[in-house]
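Residue numbers (our numbering): 1042 to 1151.
Worksheet for the structure shown next.
What follows is the structure, encoded as structure tokens:
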């Protein structure tokens, strides 16, 4: 099995990324600074994974440390609530059939 690096990554960016992740694990409050400085930039894999995990799947860890099934359940509930809210606001019967469905479909085909 041969490892193929992602485009736009290098050994140096991976080392730097690992260092930043180590700092963030010790002091998670610094993630706000990192997000502001690196917003819109392509991130190395390990830093991107850490930021996604911390920012998008954040929840109160106290009673549920290390229980990722709870994180997945909460994420699914929040997504379903968002879809339901959008469906109601747009008065849709089917959330995958929106006023811009044809526009999106044509853009994908082109």
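Note that CB positions come from ideal geometry on N, CA and C, so glycine has one too.
Source: prediction; values computed, not measured.
Query	Result
Roughly how many angstroms lie between the CA atoms of residue 1071 and residue 1117, to the nearest whole one?	27 angstroms
Does the region 1085-1097 come into contact with the region 1058-1069, if we say contact requires no fewer than three beta-carbon pairs (one atom in each stretch) closer than 8 angstroms?	yes
Would you mind giving the Cβ-Cβ distance between residue 1075 and residue 1061, rounded to the nearest angstrom? I have them listed as a contact below 8 angstroms.	7 angstroms
Between which residues of its own chain and residue 1054 is the CB-CB distance below 8 angstroms, once the five residues before and five after are set aside?	1085
Suppose you measure from the CA of residue 1124 to the CA of residue 1132; what does that come to, to the nearest Å?	12 angstroms
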